[in-house]
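Engineer: Residue numbers (the numbering used here): 13 to 397. Note that beta-carbon positions come from the ideal geometry of N, C-alpha and C, so glycine has one too. It should be emphasised that the depicted structure is a prediction, and the values quoted were computed from it without experimental measurement. Have a look at this one before I ask anything.
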Amino acid sequence: MDALHAKYPFFEGARGAVAGASASLPELVAADAPAVDRARERVERALLEGTVEPEAGAFDGSAVDVDARSELLSYPIARILVSLLDSEPAVEKYAAAEASTALDRLRADLERDDGLRSTPTPTVDLDDVLAEFDLDDAVRAEPVRGSRDPTHYRIEVGPYLRLSSPAWGDSWRLVNRALADGAVRVSREELLEAIGAAIEARVREGLPFELEAGEGIAAELESRVSELKRLLSERTYAGPIDVVAPELFPPCMENLIGKAERGVELSGPESFALMAFLVGIGMSPDEVVAFCADTSLDAEGIRYQTEYLADDRGTQYPPPTCETLSNYGICHNEEDHMRVAADPLSYYETRVEAADDGEIVDWREENRDESDDGEAATEGEPVEK
Ligand code: SF4
13 MDALHAKYPF
23 FEGARGAVAG
33 ASASLPELVA
43 ADAPAVDRAR
53 ERVERALLEG
63 TVEPEAGAFD
73 GSAVDVDARS
83 ELLSYPIARI
93 LVSLLDSEPA
103 VEKYAAAEAS
113 TALDRLRADL
123 ERDDGLRSTP
133 TPTVDLDDVL
143 AEFDLDDAVR
153 AEPVRGSRDP
163 THYRIEVGPY
173 LRLSSPAWGD
183 SWRLVNRALA
193 DGAVRVSREE
203 LLEAIGAAIE
213 ARVREGLPFE
223 LEAGEGIAAE
233 LESRVSELKR
243 LLSERTYAGP
253 IDVVAPELFP
263 PCMENLIGKA
273 ERGVELSGPE
283 SFALMAFLVG
293 IGMSPDEVVA
303 FCADTSLDAE
313 GIRYQTEYLA
323 DDRGTQYPPP
333 TCETLSNYGI
343 CHNEEDHMRV
353 AADPLSYYET
363 RVEAADDGEI
373 VDWREENRDE
383 SDDGEAATEG
393 EPVEK
């Protein structure tokens, strides 16, 4: 079993490894093999935490990691589980979480590759990943004098448009890009974000599977699916915090808002983290647009992201965890407050709970009052004839 396939189970080569496994998926499910429980964890963490890393610790394929076989086989079983949830937003969220986790692993691989050449951990390099997504001919590194590590790349305009979204911010719009010979200039980090989009599309491909409920593998997985549905409905029932108190926002979100207010473009992960947080505390797309009115974030991009993040059942896609935000350089963990909560939403919740009810002024009430006052004044004015 190639540990790299377990680490990147959506690679073409991993499909062959699954097909060549000693037991078929129905046999594994019928036997309630460890891969089944890991698949359930994969989906649960994707939908509730935005990551598919095992709770016990990140999987890096090293010799000390548990069972690479279960890790690999959990991926196709997780795809079946998420299909059985019968929810389009669940599929979207699952694919986004697989992509985000894979990108974290890829960044770690590239750092290892840049630093420690001999490592017991199996790693991929950028060329492997570009080839995996047929991007090897479409992406060229810009040579840097005196360094073997490029900081910028040129990506052909077709793949660039396919793998990026205007919702990621104005800086991604083609009109704001250096374009020469049919190729767009991107930084290394931007190239990784585009690769993240390619991973998400690969994971999303073919989902949801059409499976007859109550038959075959669907029947075998019925209790796992019910367990996931119960967890999701509990979360939906609990509802968002539903109070907007900017003075209690965690430092990461304050920093992102401050940055956007200074007119600085937020990167894709930064704007995603901020939007997921604002939706997570119960703000509607209209409220988020109004809240971000005087920032570098544009209304169209905000609407696109927030409508995607809030699904029709009210289940929220949580903002990335503190650990992920720390990897992106978004979190600085002031006074080690990461100890208090694992993600910005939970941290905000603890601050709201600790505050005196009388101290909290909901931003929406303040702004609603202002607009009501305006309407009242208009209504009270004499009408000229
Ligand atoms: S520890 Fe968590 S809540 Fe605090 S700044 Fe970092 S990401 Fe935000």
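Which residues, in chain order, sit with a beta-carbon under 7 angstroms away from any heavy atom of the ligand SF4?
Structural biologist: This criterion selects Pro262, Pro263, Cys264, Met265, Cys334, Leu337, Ser338, Ile342, Cys343, His344, Asn345, Glu346, His349, Met350, Ala353, Asp355, Pro356, Tyr359.
Engineer: Rounded to a whole number of angstroms, what is the C-alpha to C-alpha distance between arginine 129 and valine 196?
Structural biologist: Here arginine 129 scores only 48 on pLDDT, less than 50, and its place in the model should not be relied on; the value that follows carries that caveat. Each residue's alpha carbon lies about 31 angstroms from the other.
Engineer: On a Cα-Cα basis, can you pick out the residue from Arg119, Glu100, Asp374 that is closest to leucine 203?
Structural biologist: Cα-wise, what sits closest to leucine 203 is Arg119.
Engineer: When the Cα atoms are used, what is the spatial distance from leucine 244 to alanine 288?
Structural biologist: Distance between the alpha carbons of leucine 244 and alanine 288: 17 angstroms.
Engineer: Can you find the residues in the same chain that come closer than 7 angstroms, C-beta to C-beta, to alanine 250, ignoring five residues on each side of it along the sequence?
Structural biologist: Note that alanine 250 scores a pLDDT of 45, beneath 50, so its modelled location is shaky; the value from the coordinates is reported in the next line. Closer than 7 angstroms at Cβ, skipping near neighbours: no residue.
Engineer: For valine 76, does the three-state DSSP call read helix, strand or coil?
Structural biologist: Because valine 76 sits at a pLDDT of 46, beneath the cut-off of 50, its placement in the model cannot be relied upon, and the following sentence gives the value as read from the coordinates. Looking at valine 76 - three-state DSSP - the assignment turns out to be coil, as it is neither helix nor strand.
Engineer: Using 10 angstroms around the beta-carbon of glycine 392, count the other beta-carbons present and answer buried if the total reaches 16, otherwise exposed.
Structural biologist: The predicted model places glycine 392 with a pLDDT of 35, which falls under 50 and marks its position as unreliable; any figure quoted below should be read in that light. With fewer than 16 Cβ atoms within 10 Å of its Cβ, glycine 392 is classed as exposed.
Engineer: For asparagine 188, I'd like the list of residues in its chain whose CB is within less than 7 angstroms of its CB, leaving aside the five on either flank, ordered along the chain.
Structural biologist: Once the five neighbours on either side are set aside, the close Cβ partners of asparagine 188 are Asp182.
Engineer: Under a Cβ-count criterion, where at least 16 other Cβ atoms within 10 Å of its own Cβ denotes burial, should proline 171 be classed as buried or exposed?
Structural biologist: Proline 171 comes out buried.
Engineer: Between the alpha carbons of valine 64 and arginine 54, how many angstroms are there, rounded?
Structural biologist: Using only the alpha carbons, I get a separation of about 5 angstroms.
Engineer: Let me make sure I understand the geometry here. Which of Glu361, Ile342, Ala111, Glu277 has the alpha-carbon closest to that of leucine 175?
Structural biologist: It is Ala111 whose Cα lies nearest to the Cα of leucine 175.
Engineer: Please identify the residue among Leu122, Arg91, Ile92, Ala31 whose C-alpha is closest to the C-alpha of arginine 81.
Structural biologist: Cα-wise, what sits closest to arginine 81 is Ala31.
Engineer: Which residue comes first and which comes last in the beta strand (DSSP E) that contains serine 283?
Structural biologist: From DSSP, serine 283 is part of no beta strand (DSSP E) but of the alpha helix (DSSP H) over 280 to 292.
Engineer: Considering only residues of the same chain and omitting the five flanking positions on each side of glycine 25, which have a CB-CB separation below 7 angstroms?
Structural biologist: Counting only Cβ-Cβ distances below 7 angstroms, and skipping sequence neighbours, we find His17.
Engineer: Report whether the distance from the Cβ of glutamate 378 to the nearest heavy atom of the ligand ADP is below 7 angstroms.
Structural biologist: In the structure on display, the ligand ADP does not appear, and the ligands it does have are the ligand SF4.
Engineer: Between the Cα of cysteine 264 and the Cα atoms of Gly275, Asp254, Ile253, Phe284, which residue gives the shortest distance?
Structural biologist: Minimum Cα distance to cysteine 264 is reached at Phe284.
Engineer: Less than 8 angstroms between the beta carbons of leucine 40 and leucine 85, yes or no?
Structural biologist: Yes. Within cutoff.
Engineer: With a threshold of 16 other CB atoms inside 10 Å of the CB of proline 258, please say whether the residue is buried or exposed.
Structural biologist: Exposed, by the Cβ-count rule.
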